[in-house]
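> Pasting a structure below so you can have a look.
Numbering (the numbering used here), first residue to last: -15 to 46.
Next comes the structure, spelled out in structure tokens:
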């Protein structure tokens, strides 16, 4: 790959869950534990996209 195609990150970002340095194997997290914790947060509704509430007919809770 040509050098002009590579994206370099001058300051590595920490794990978004615990703040420890990232691990390439679990990127962007530091471990599979943090990766799994993040997945559980998504699946349990811990994360939400802000916006107006959907009308009851569009929620699928019939």
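We put the CB at the ideal spot given by N, CA and C, even for glycine.
Given this structure, state the Cα-to-Cα distance separating residue 7 from residue 30, to the nearest angstrom.
When rounded, the distance between both Cα atoms is 24 Å.
> Are there 16 or more other CB atoms within 10 angstroms of the CB of residue 2, so buried, or fewer, so exposed?
Flag for residue 2 reads exposed.
> Can you give the Cα-Cα distance for residue 12 and residue 34, rounded to whole angstroms?
Spanning the two alpha carbons is a distance of roughly 23 Å.
> Rounded to whole angstroms, what is the Cα-Cα separation between residue 18 and residue -6?
Going from the Cα of residue 18 to the Cα of residue -6 covers about 23 Å.
> DSSP three-state label for residue -2, please.
In the structure shown, residue -2 sits in a strand (DSSP, three-state: E or B).
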